[in-house]
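In this text, residue positions in the sequence shown follow the numbering used here: the first is 604, and each later residue adds one.
Below is one structure, written out as structure tokens, with a few remarks after it.
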Amino acid sequence: MKYKGAAIQYDCHFMDKEKNLAALTNLVRQAAAQGAKLIVLPEMCATGYYFESMEQAAEMAESVVNGQTVGLLENLAKELDCYLVAGLPELDGERLYNSAVLIGPDGLIGRHRKMHHYVPDSTWAKTGDEPVKVFDTPIGNIGIQICMDLSYPEGPRLSRLMGAQVLCSPMNWNESSIPSDIWLTRAKENGMYVIASNRHGNEKGFDFCGGSVPPLGRSDGATTDMSVLTEVQDLEAVIRYAQSLPYAGDTLLLMGCSQGGIVSALTAAKHPDAVDSSTRPSASPTTRARDT
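Below is the structure:
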């Protein structure tokens, strides 16, 4: 199977959801017009990132079910016959999370809640409390990790053990050298595509570096609004490569990890009936993990 994947790079306007959604809609349409089937948007793509309090974050937060951002993206995915991954501040009861959703032509497929917080996240968001998930879709098995989640090997490794062929990562990343060696390492050490969608620009004195990378890990370091496209090629070859790695059958070590979600995900990978990791019936995670 071959198809085009795209990373949407965008300079978000803080606390201006309407303006951001209008701009992102245009960028998604541009990517789809160029043939993109899987399109990844940045972390907190419609709201900005540096919330000063829970109250400020709550003004922008929304449910992933019937929320404004997800509803707009559902309509786009249906119209354009594509799959979208996008980051947003999630409201669940009285709790707020830094989350990302996967949406297809038939609607919401699933979500991931950020497990490893950067300093601004801790001002308002709870740590992700759900197991790592991999979603079986017509365009392959898709995993999600948000920004700093990629700085730690466990989440991406669990995604691969659970069958991920493509890992989508919405980001608000700052680093002088882009694309980051961290992004490329997660792809190479696990034998899977990584699509890193990073914003650019400045927010409250903090500079974001852009440099988004499509699945094959190429970037020209651009810092403008754009869609970065390339082909996702031969997903079965990805599986063969991952299985050929010398450590493919090794036991996964969770060194110094206190994330309950990660431990639960390891349980789900080995014993899929032991953990209910699906948020809705259409979002059944694949459990094709290697025995370790």
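Heads up, the beta-carbon is just placed ideally off N, CA and C, and yes, glycines get one too.
Per-residue DSSP class, three states only, for N777: coil
How many Å lie between A635 and I706 at the Cα? 14 Å
Proximity winner among L694, P759, F654, V704, relative to L675 (alpha-carbon distances): V704
Taking 7 Å as the limit between beta carbons, can you name the residues of its chain near V667, skipping five residues before and five after? V673, E693, S702, V704, L711, R714
Residue range of the unbroken beta strand (DSSP E) whose run includes G746: 743-747
Can you tell me the Cα-Cα spacing of W786 and L770, whole angstroms? 10 Å
How should S783 be labelled, buried or exposed, when 16 other C-beta atoms within 10 angstroms of its C-beta is the threshold for buried? buried
Going straight from the alpha carbon of G690 to that of A649, what length do you get? 8 Å
What are the boundary residues of the beta strand (DSSP E) that L694 is part of? 686-695
Taking the DSSP output, what are the residues bridged to F707? Checking the displayed sequence, the identity of residue 707 turns out to be Gly instead of Phe. In the DSSP output, where bridge partners are listed per residue, G707 has G710.
Unbroken beta strand (DSSP E) run spanning A767, endpoints: First-last for A767: undefined, no H or E at that position.
In whole angstroms, what separates the C-alpha of D619 from that of R763? 36 Å
Starting from the N-terminal side, write out each stretch of the beta strand (DSSP E) that is 3 residues or longer and does not extend beyond the segment 619-693. 639-643
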